[in-house]
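Colleague: Take this structure first; my questions come after.
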Amino acid sequence: MRIYNSLTRRIEEFIPNSDKEVTLYTCGPTVYNYQHIGNLRMYIFEDVLEKTLRYLGYNVKRAMNITDVGHNVGDVDVGKDKMFAAKEREGKTALEIAEYYTEVFKKDCEKVNIKWPDIVKNATGEVEKYIDIISRLLEKGYAYESNGNIYFDISKMPNYYELSGKNQEDLMIAKREDVDIDENKRNPFDFVLWFTSSKFKDQELQWDSPFGKGYPGWHLECSAISIKYLGEYLDIHTGGVDHIFPHHTNEIAQSEAYLGHKWCNYFMHGEFLNDLTGKMSKSKGDFLILDTLINKGYNPLEYRYYCLLSHYRNQLPFSYEMLDNATTSYRKLRNRVLSLKQEGVFNEEYFNIYQNKFKVAISDDLNTSNALTIVHNLLKDETVNDITKIKIIGDFDKVLSLDLLKRETIEEGFKKYIQQKIEERNEAKNNKNYELADKIRRELEEKGIILKDTKEGTIFELK
RNA sequence: GGGGCUGUAGCCAAGUGGUAAGGCAUGGGACUGCAACUCCCCUAGCAUCGGUUCAAAUCCGUUCAGCCCCUCCA
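Per our numbering, residue 89 is the first one in the first sequence, and the count goes up by one each step.
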């Protein structure tokens, strides 16, 4: 398995810490709103990663956080807690809102065949661990108190900028005008581990701690959950490219300062789904969710296919024109697969040849585009019989999860009805009563049944 | 202003030194009562300029364009 490692900015051979188990950590959703389809693209990439590792024979233990706490509203710091804004919007408590959107997220995952990680933890449930980490960082001198808050002292971490590819001087020149300056810090890039005094006065969730009543700096959640549930040595950490700095940079600093050794060997970052104005973002207020696509008549797996068509490290534009392309392509592919007959003798040699091709593609930094090409090529390959093709595609679908072999079942009574209608139509056709024949075809189509006139007679399919 | 990433046919997209995969759309053809489905055939020289090389979409540099990040969103 070769993967692009953001730490070294190179494609590297993946070598796990232990040959027994690969530990994988995913930055989870902030559940103050729906996940948009761009968020979902990230989770699809991570799902493919987990399934690929399993496909290649690794045992995978994967954890993810659910950020069920307040943050600032939007990419622009407008000084209002995100949960609080959502609460105002819907008249619920922060935790009720979080619970609601967590459920929605879970269902979205099911719809696009994303396997729910083994370990999923709420950020608010792990405060004890955050306090433990902060206490040790204070003891070791990596953290300091200033005006009521506890800060991480980045000057103690010589490799602080490793992941970001930045350096302090560059950041110093930074000129963003929409950011407040925190005068309490020793170094402008120190970050907060615990707040007792915050510019957000109406923070709903607060906890008692040795440092005073307050709440954690939420970079801690990923470090804490990962270390607590996956151990001190993490193999792969994933997230979006926007996490690189400062979120993952800070995670590394606090985790390694806490542990006293190297923490995670591989960081993988997924690129964005862009709309016409750029990154699709919740804070813009106007974003697409999966249910919108479903309501427009798209199958969620058509969106998964759309994502697999491109590489996770490339920005992917979204438009309905492109989605229609992907949809047609997916439907054709599925049709072709479903028309394969359970005939012939399974040929293990071809199975191995194709499985190997697939492994080469998918283990090359998750080249899903090439993996799909192999499926297309397989279908065109006349030397491979149907039964073998079915077996091979079933094998590939462990990673692709496109339900390529799944047949929609039709109720027996309905089947009889359709069969009867087909006979009526055939009779009409024989009598050259095409008007009636077309009418029957149209009526069935309205019920979701597509008729196909083949050489062997008329067959039907679900739309 | 700084750092990072990207730019391949009408639309996506693979390919990272040896002469442009694949999909969708379009056009042509087979099939059909007409369609749909299915099948067959056809379509690019890789943003720009310059350099390295026997050889570049692939390496180096320039310009242009787009996107991401830059001290309490994770």
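Note that the Cβ used here is the ideal one computed from N, Cα and C, for glycine as well. Remember, it's a predicted structure, so these values are computed and weren't measured experimentally.
1. For residue 361 and residue 207, which I take to be in contact (beta-carbon distance under 8 Å), what is that distance rounded to the nearest angstrom?
2. Is DSSP giving residue 224 helix, strand or coil here?
3. Using the C-alpha atoms, what's the distance from residue 138 back to residue 104?
4. In angstroms, rounded to a whole number, what distance separates the CA positions of residue 469 and residue 484?
5. Where does the unbroken alpha helix (DSSP H) through residue 525 begin, and where does it stop?
6. Per the DSSP calculation, residue 295 is bridged to which residue(s)?
7. Judging by CA-CA distance, which residue of 185, 250, 231 and 545 is the nearest neighbour of residue 354?
8. So residue 488 and residue 323 are supposed to be a Cβ contact under 8 Å. How far apart are they, rounded?
9. Are the CB atoms of residue 202 and residue 131 within a distance shorter than 8 Å?
10. Decide yes or no for the touch test of the stretch 458-478 against the stretch 514-522: beta carbon pairs closer than 8 Å, at least 3 of them.
11. If I measure Cβ to Cβ from residue 134 and keep anything under 7 Å in the same chain, skipping five residues before and after, which residues do I get?
12. Which whole-angstrom value is the C-beta distance of residue 154 and residue 200, which I expect to be below 8 Å?
13. Can you confirm whether the stretch 300-319 touches the stretch 209-216 when touching is taken to mean that 3 or more C-beta pairs between the two stretches lie within less than 8 Å?
14. Given a cut-off of 8 Å, decide if residue 222 and residue 281 are closer than it, judged by their beta-carbon atoms.
15. If contacts are defined as beta-carbon pairs under 8 Å, then residue 432 and residue 473 qualify, I think. What distance do you get, rounded to the angstrom?
16. According to the Cβ coordinates, are residue 436 and residue 418 closer than 8 Å?
17. Given that a residue counts as buried once 16 or more other Cβ atoms are within 10 Å of its Cβ, and exposed if not, what is residue 91?
18. Buried or exposed for residue 405, going by 16 or more other Cβ atoms inside 10 Å?
19. DSSP three-state call for residue 433: helix, strand or coil?
20. Who does residue 498 pair with in a DSSP beta bridge?
21. Using alpha carbons as the reference points, say which of 227, 542 and 379 lies closest to residue 128.
22. Label residue 448 either buried or exposed according to how many other C-beta atoms from any shown protein chain fall within 10 Å of its C-beta, with 16 as the threshold for buried.
23. Would you give the residue range spanned by the beta strand (DSSP E) that residue 349 belongs to?
24. Measuring only the C-alpha atoms, how far is residue 496 from residue 550?
25. Just the Cα atoms here: how many angstroms apart are residue 182 and residue 541?
26. Are the beta-carbon atoms belonging to residue 136 and residue 454 less than 8 Å from one another?
27. Starting from the C-beta of residue 141, find all residues in its chain whose C-beta is less than 6 Å away, skip the five residues before and the five after it, and write them out in chain order.
28. Kindly indicate which three-state DSSP category residue 399 falls into: helix, strand or coil?
29. Quick one: what does DSSP say residue 276 is sitting in, helix, strand or coil?
Modeller: In terms of the structure at hand:
1. No, residue 361 and residue 207 are not in contact; Cβ-Cβ is about 26 Å, not under 8 Å.
2. DSSP places residue 224 within a helical segment (H, G or I) once states are collapsed to three.
3. Straight-line measurement puts the Cα of residue 138 at about 14 Å from the Cα of residue 104.
4. CA-CA distance, residue 469 to residue 484, rounds to 16 Å.
5. Residue range 522-534 is occupied by the alpha helix (DSSP H) that includes residue 525.
6. DSSP output for residue 295 lists 302 as bridge partner(s).
7. Comparing alpha carbon positions, the residue from 185, 250, 231 and 545 closest to residue 354 is 250.
8. So it is not a contact: roughly 23 Å between Cβ atoms.
9. Closer than 8 Å, so yes.
10. With the cut-off at 8 Å, the stretch 458-478 and the stretch 514-522 do not touch.
11. For residue 134, where only same-chain residues beyond five positions count, the Cβ hits under 7 Å are 114 and 326.
12. A Cβ-Cβ distance of about 18 Å is found for the pair residue 154 and residue 200, leaving them out of contact under the 8 Å criterion.
13. With the rule of 3 Cβ pairs closer than 8 Å, the stretch 209-216 counts as touching the stretch 300-319.
14. Pairing residue 281 with residue 222 gives a Cβ-Cβ distance under 8 Å.
15. The C-beta distance from residue 432 to residue 473 rounds to 3 Å, short enough to meet the 8 Å contact threshold.
16. Contact: no.
17. The residue in question, residue 91, is buried, as its Cβ has 16 or more Cβ neighbours within 10 Å.
18. Looking at its Cβ environment, which holds fewer than 16 other Cβ atoms inside 10 Å, residue 405 is exposed.
19. Coil at residue 433, not helix or strand.
20. Looking at the DSSP output, residue 498 bridges to nothing.
21. Distances from the alpha-carbon of residue 128 to those of 227, 542 and 379 put 379 closest.
22. Flag for residue 448 reads exposed.
23. Here residue 349 belongs to no beta strand (DSSP E), and DSSP marks it neither H nor E.
24. Distance from the CA atom of residue 496 to the CA atom of residue 550, rounded to whole angstroms, is 7 Å.
25. Taking the Cα positions, residue 182 is about 57 Å away from residue 541.
26. Closer than 8 Å, so yes.
27. Closer than 6 Å at Cβ, skipping near neighbours: 110 and 148.
28. Residue state for residue 399 is assigned as coil, using DSSP reduced to three classes.
29. Residue 276 sits in coil when the DSSP states are folded into three classes, being neither helix nor strand.
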